[in-house]
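Numbering (my numbering), first residue to last: 1 to 432.
We put the CB at the ideal spot given by N, CA and C, even for glycine.
Quick caveat: nothing in here was measured; it's all calculated off a predicted structure.
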Ligand code: GCU
């Protein structure tokens with residue numbers, strides 16, 4: 001009896017310690033304890049932010065509610081998306097039809113952007129399958145460290161400007177400069193050859209070309225905002241919406257490539273760039289497949305859960321990512337007239353997929369899934385039927401529905417082959 005009791009006490013202590021060990025330490029006062037998630041009520045996904053109108057059909061949603069939601073989220077959260085510049089030019093700087101061991105055309109295009117305040121450019125790296133008989137779908141994603149870090153290919157131009165200092169196991173940058181030896185070092189995130197062999201095009205651009213992510217420093221002056229004149233309300237602005245704008249300018253360029261099927265444009269990205277992918281998909285209807293990889297707080301994770309990263313933390317850690325208006329909601333998520341499900345709903349009826357990671361507590365996988373689940377009523381207006389449920393929060397049991405997809409990869413915050421395998425399977429299920 002006594003031995004049994006001692007064993008039980010030991011087991012309980014062991015279980016308690018293993019649960020404790022499984023949770024990360026709170027670094028900034030963030031919560032990782034599900035029992036401390038506050039009670040909350042979510043804003044109605046079908047209603048305008050002022051609550052005065054509720055859509056009962058897809059037409060009302062598109063005509064009345066969606067524009068007001070998009071206006072609200074830009075005004076209060078992300079800042080307004082700048083307009084298309086007055087002048088744009090696509091300069092092919094280099095092209096080869098013997099890329100990736102001969103299976104692809106590599107085209108490096110400089111996207112020139114010009115408006116009243118000046119000029120700027122974004123360097124796009126595009127691969128197209130060589131023997132395609134008709135225009136092909138494209139997977140596009142912004143990268144963190146330069147186009148040369150995505151594929152090990154000496155012909156890829158190094159970024160011409162600022163590069164973020166990083167300490168990935170495979171790539172360390174300490175001087176904010178690109179380096180030759182970093183070619184392909186983040187290739188594990190981008191299965192370029194696989195995509196090309198499956199008949200898809202792939203494109204990428206360095207996010208620093210759009211807005212240098214100096215995190216605590218306003219980099220508007222070195223970003224795309226500089227093209228808008230000093231008197232323009234877009235002469236400066238936050239980073240995330242700028243990256244989304246960059247994605248839209250890249251889509252302008254992709255649409256102009258005869259080999260690309262402009263009805264099949266997927267936009268993805270990891271983490272801050274996964275959040276950017278979600279924002280791009282919400283604002284730009286040319287994105288027909290939005291793939292948010294670990295999009296986290298201000299991506300699809302429900303802010304009212306206050307789990308992991310929160311609005312106050314993200315704004316303090318990265319003061320130039322969002323509209324200063326967002327600072328009004330520190331600790332007052334309930335006062336926002338929308339939550340992240342309202343943003344996801346703006347992607348409807350187009351395809352959307354979120355990839356979470358089981359150890360990405362900071363990104364709140366449960367909240368990330370909830371952002372999709374709670375958007376379902378809008379997707380239903382368009383006839384979608386197979387909706388994700390909270391039960392889909394199961395490790396490596398992906399959900400691939402008729403409009404939405406989700407999976408929880410085992411492991412840490414990252415973009416891995418497992419994520420891509422599912423993106424591809426989901427795209428194929430939808431006729432890509
Ligand atoms: C930080 C930040 C996240 C962001 C992530 C990333 O962890 O707090 O919001 O998504 O960096 O981009 O890797």
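Can you tell me whether residue i is helix, strand or coil according to DSSP?
i	result
residue 307	coil
residue 457	Any question about residue 457 goes unanswered here, given that the chain covers just 1 to 432.
residue 54	strand
residue 71	helix
residue 177	coil
residue 156	coil
residue 239	helix
residue 397	coil
residue 219	coil
residue 255	helix
residue 354	strand
residue 287	coil
residue 142	strand
residue 172	strand
residue 293	strand
residue 388	coil
residue 129	strand
residue 113	strand
Residue i: which of the options sits nearest, CA to CA?
i	options	result
residue 352	168, 264 and 236	264
residue 374	208, 358, 346 and 116	346
residue 372	245, 404, 55 and 324	404
residue 370	40, 177, 79 and 412	40
residue 440	99, 149, 23 and 217	This structure cannot settle anything about residue 440, because the visible part of the chain is limited to 1 through 432.
residue 383	406, 348, 219 and 314	348
residue 179	161, 45 and 195	161
residue 172	199, 144 and 397	144
residue 242	379, 277 and 174	277
residue 62	398, 381 and 426	381
residue 430	226, 266, 330 and 209	266
residue 150	191, 377 and 35	191
residue 515	81, 120 and 165	Summary: the structure shown does not reach residue 515, with the chain confined to residues 1 through 432, and so no result is reported for it.
residue 29	314, 196 and 396	314
residue 81	245, 322 and 259	245
residue 436	66, 286, 419 and 193	In this structure the chain extends from 1 to 432, so residue 436 is not present and cannot be described.
residue 131	104, 258, 207 and 115	104
Taking the Cβ atom as the reference point for each residue, do residue i and residue j lie within a distance shorter than 9 Å?
i	j	result
residue 365	residue 343	no
residue 239	residue 213	yes
residue 298	residue 355	no
residue 310	residue 335	no
residue 337	residue 51	yes
residue 306	residue 69	no
residue 308	residue 230	no
residue 138	residue 254	yes
residue 360	residue 84	no
residue 141	residue 269	yes
residue 357	residue 292	no
residue 129	residue 146	no
residue 280	residue 325	no
residue 109	residue 136	no
residue 203	residue 211	no
residue 153	residue 99	yes
residue 407	residue 397	yes
residue 49	residue 72	yes
Run the CB neighbour count on residue i, radius 10 Å, all protein chains shown included, and call it buried at 16 or more, exposed below.
i	result
residue 101	exposed
residue 250	buried
residue 86	exposed
residue 339	buried
residue 422	buried
residue 12	Any reading at residue 12 must be qualified, since the residue scores a pLDDT of 45, below 50, and its modelled position is unreliable; no value is offered.
residue 123	buried
residue 480	Since the first residue of the chain shown is 1 and the last is 432, residue 480 is not available in this structure.
residue 294	buried
residue 390	exposed
residue 409	buried
residue 445	The first residue shown for the chain is 1 and the last is 432, placing residue 445 beyond what the model contains.
residue 451	The structure shown does not extend to residue 451, since the chain spans only 1 to 432, so no value can be given for it.
residue 25	exposed
residue 21	Because the pLDDT of residue 21 is 48, which lies under 50, any placement of that residue in the model is unreliable, and the question is left without a value.
residue 33	exposed
residue 378	buried
residue 395	exposed
residue 304	buried
residue 19	Only weak support is given to the placement of residue 19: the predicted model assigns it a pLDDT of 40, under 50, and the value that follows is read from those uncertain coordinates. The residue is exposed, with fewer than 16 neighbouring Cβ atoms inside 10 Å.
residue 331	exposed
residue 376	buried
residue 97	exposed
For chain B, check one thing: does any of its Cβ atoms lie closer than 9 Å to the Cβ of residue i?
i	result
residue 314	Any reference to chain B falls outside this structure, which holds one protein chain only.
**Q.** Residue list, Cβ distance to the ligand GCU heavy atoms smaller than 6 Å
**A.** Screening all residues for a C-beta within a distance smaller than 6 Å of any heavy atom in the ligand GCU leaves 271, 272, 296, 297, 309, 314, 317 and 362, in chain order.
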